[in-house]
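Residue numbers (the numbering used here): 2 to 236.
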């Protein structure tokens with residue numbers, strides 16, 4: 002049964018991606034078309050979960066303002082976090098992720114076109130990513146940043162320590178931080194343990210935003226800790 006589950010989830014992922022890839026490639030050709038990527042990627046995510054028969058329960062602890070830009074900060078325990086966030090977030094956004102994602106066959110080119118990648122081994126590239134992220138926020142695009150910096154937790158569901166980048170960006174840009182709890186993905190698809198793959202309903206919780214107006218870099222550690230505690234209590 003586990004092999005059938007693994008085959009089915011891989012098949013559905015690839016079929017959906019192959020179907021939408023030509024449309025994504027088209028909207029990648031002109032910057033003025035890029036915003037259409039948001040709707041195409043949501044169609045792919047909805048197709049993915051529909052075919053798996055997985056119910057998604059989305060809980061908002063605040064009313065999101067369609068005219069506001071946010072930095073969404075979720076925990077990161079599974080590769081399924083990306084499709085789930087794509088499914089649930091109602092605003093045009095970009096992921097800020099590791100440069101390795103841009104090297105994946107077929108997927109990498111499109112990821113590079115619409116998202117912001119960082120090579121953490123290069124100080125110069127980290128600075129470039131920071132500036133690109135600030136520019137995206139100033140141009141009205143929300144961001145999803147995994148504050149753990151990747152899947153580094155070793156004792157799920159306890160998160161790894163947070164990096165400061167997302168909080169520094171939020172303070173500089175005066176953008177609200179939305180802590181996001183993803184309590185179930187690691188149970189469905191544990192990292193490097195595909196033999197434990199199982200289908201289960203998914204929950205995603207968007208917490209009250211952390212206001213950054215009037216804060217300074219001296220507040221980074223405090224808001225990072227607040228964000229950590231807010232996410233962790235729902236895991």
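Glycine included, every Cβ here is placed at the ideal spot set by N, Cα and C.
Bear in mind that the values here come from a model prediction, so they are computed numbers and not experimental data.
Confirm, please, whether the CB-CB distance from residue 57 to residue 205 is below 8 Å.
Within the chain shown, residue 205 is the residue found at index 204, counting from 1. Within the chain shown, residue 57 is the residue found at index 56, counting from 1. Contact annotation: residue 205 and residue 57 have beta-carbon atoms nearer than 8 Å.
In this structure, how does DSSP classify residue 156 when only helix, strand and coil are distinguished?
Taking the chain shown and counting its residues from 1, one reaches residue 156 at position 155. Note: residue 156 maps to strand in three-state DSSP.
Specify the secondary structure class of residue 90 as computed by DSSP and reduced to three states.
The residue you call residue 90 lines up with position 89 of the chain shown. Residue state, collapsed to three classes: coil.
Can you name, in chain order, every residue of its own chain whose Cβ lies under 7 Å from the Cβ of residue 212, other than the five neighbours on each side?
Walking along the chain shown from the start, residue 212 turns up at place 211. Same-chain partners within the cutoff: 177.
Among residues of its own chain, excluding the 5 on either side of residue 154, which ones have a beta-carbon nearer than 7 Å to its beta-carbon?
One-based indexing of the chain shown puts residue 154 at position 153. For residue 154, same chain residues with a beta-carbon under 7 Å away, outside a window of 5 residues either side, are 78, 160 and 161 in chain order.
Hey, residue 145 and residue 96: beta-carbon distance below 8 Å or not?
Here residue 145 refers to the residue found at position 144 when the chain shown is read from its first residue. Here residue 96 refers to the residue found at position 95 when the chain shown is read from its first residue. Yes. Within cutoff.
On the CB-based measure, 16 or more other CB atoms within 10 Å of its CB, does residue 128 come out buried or exposed?
Working through the chain shown from its first residue, we reach residue 128 at position 127. Burial call: exposed.
DSSP on residue 65, reduced to helix/strand/coil?
As a working mapping, residue 65 is identified with position 64 in the chain shown. Looking at residue 65 - three-state DSSP - the assignment turns out to be coil, as it is neither helix nor strand.
Contact under 8 Å by Cβ, residue 93 with residue 164:
Locating residue 93 in the chain shown gives position 92, where the first residue counts as 1. Locating residue 164 in the chain shown gives position 163, where the first residue counts as 1. No, the Cβ-Cβ distance between residue 93 and residue 164 is not below 8 Å.
Comparing alpha-carbon positions, which option in 76, 64 and 117 lies nearest residue 91?
Residue mapping note: residue 91 aligns to position 90 of the chain shown, counting from 1. Of the listed residues, the one whose Cα sits closest to residue 91 is 64.
What's the gap between the Cα of residue 171 and the Cα of residue 39?
In the chain shown, counting from the first residue as 1, residue 171 sits at position 170. In the chain shown, counting from the first residue as 1, residue 39 sits at position 38. Spanning the two alpha carbons is a distance of roughly 22 Å.
Neighbourhood of residue 169 by C-beta distance below 7 Å, restricted to the same chain and skipping five residues each side
Position 168 of the chain shown, counted from the first residue, corresponds to residue 169. The residues are 218 and 221.
May I ask you to list the residues that DSSP assigns as paired with residue 181?
The sequence position of residue 181 within the chain shown is 180, counting from 1. According to DSSP, which records beta bridges pairwise, residue 181 is partnered with 75 and 207.
Figure out for me which residue from 201, 26 and 214 has the closest Cα to the Cα of residue 113.
Numbered from its first residue, the chain shown carries residue 113 at position 112. Taking only the C-alpha atoms, the option nearest residue 113 is 26.
Within its chain, find whatever has a CB closer than 8 Å to the CB of residue 53; leave out the 5 residues flanking it on each side and keep chain order.
Sequence index remark: in the chain shown, residue 53 carries index 52 (1-based). Around residue 53, the same chain offers 9, 10, 13 and 200 as residues with beta carbons nearer than 8 Å, after the five sequence neighbours per side are excluded.
Beta carbon of residue 62 nearer than 8 Å to that of residue 207
In the chain shown, residue 62 corresponds to position 61, counting from 1. In the chain shown, residue 207 corresponds to position 206, counting from 1. Yes. Within cutoff.
Please say whether residue 231 and residue 148 have beta carbons closer to each other than 8 Å?
Within the chain shown, the letter at position 147 stands for residue 148. Within the chain shown, the letter at position 230 stands for residue 231. With contacts defined as CB atoms closer than 8 Å, residue 148 and residue 231 fail to qualify as a contacting pair.
Alpha carbon of residue 43 to alpha carbon of residue 156, nearest angstrom
Position 42 of the chain shown, counting from 1, holds the residue named residue 43. Position 155 of the chain shown, counting from 1, holds the residue named residue 156. It is roughly 31 Å from the alpha-carbon of residue 43 to the alpha-carbon of residue 156.
Measure from the alpha carbon of residue 73 to the alpha carbon of each residue in 185, 134 and 187, then state which is nearest.
Taking the first residue of the chain shown as position 1, residue 73 is located at position 72. It is 134.
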